[in-house]
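Take any residue in the sequence shown, count from 1 to its spot, add 20: that is its number in the numbering used here.
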Amino acid sequence: MYARGATLQEIAAAIGKSERTLARWKSGDGVDWDRRRDERRRKDPHALLAILEQRRDEIARDDSVEAGHWADAIFKAQRVIDSLRRETGDISLILSVLEAQGKWARQNASDADRAALLRIDGGYTADLRSKAR
21 MYARGATLQE IAAAIGKSER TLARWKSGDG VDWDRRRDER RRKDPHALLA
71 ILEQRRDEIA RDDSVEAGHW ADAIFKAQRV IDSLRRETGD ISLILSVLEA
121 QGKWARQNAS DADRAALLRI DGGYTADLRS KAR
């Protein structure tokens with residue numbers, strides 16, 4: 021769950037343990053949880069898509085790049101982005117809805133309801149990603 025992006029607080033609520041227990045597990049089990057999370061993000065095509073879109077936007081705002089290089093770089097970045105979207109399916113709308121739902125739940129839902137939503141949303145996004153591959 022941590023590798024998929026859940027916080028220790030969310031995991032604790034979902035499995036019925038304290039954050040302190042999870043922090044102890046995280047620091048003492050011999051596994052680098054943060055490295056695993058980073059590895060998973062690097063392999064996630066949707067995370068890669070977000071990075072590429074961010075880089076494309078940075079290139080477009082960079083005044084130091086000559087106009088020809090700028091256009092070529094933007095075109096190449098957009099081609100990769102479009103290709104990745106075709107391969108993975110563009111689920112950014114679904115993910116943005118789930119993110120908004122999560123923000124709402126953090127402010128308005130009980131711990132038990134948030135834990136249930138986390139489990140449901142985690143299963144749903146994992147299913148979407150497996151179908152996109």
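Ideal placement from N, C-alpha and C gives every residue a C-beta, glycine not left out.
Just so you know, these numbers come straight off a predicted model, no measurement behind them.
Notebook entry, point to check: What first and last residue would you give for the alpha helix (DSSP H) that runs through K46?
Noted result: 39–48
Notebook entry, point to check: Ends of the alpha helix (DSSP H) at A33?
Noted result: 28–35
Item checked: F95 versus R106, A80, S84, residue with shortest Cα-Cα distance -> A80
Check: Quick one: complete beta strand (DSSP E) runs, 3+ long, within the stretch 121–150?
Finding: none
Margin query: Using a Cβ-Cβ cutoff of less than 6 Å, which residues in the same chain neighbour R56 once the five nearest sequence positions on both sides are dropped?
Written below: A23
Check: Among residues of its own chain, excluding the 5 on either side of L137, which ones have a beta-carbon nearer than 6 Å to its beta-carbon?
Finding: A125
Notebook entry, point to check: Per DSSP, what kind of secondary structure is R24 in: helix, strand or coil?
Noted result: coil
Next item on the list: Work out the CA separation of D141 and E119 for me, nearest whole Å.
Entry: 10 Å
Item checked: Where D84 sits in the DSSP three-state scheme -> Residue identity check: residue 84 is Ser in the sequence provided, not Asp. Three-state result, S84: coil.
Check: Run through DSSP, which three-state label would D52 get?
Finding: coil
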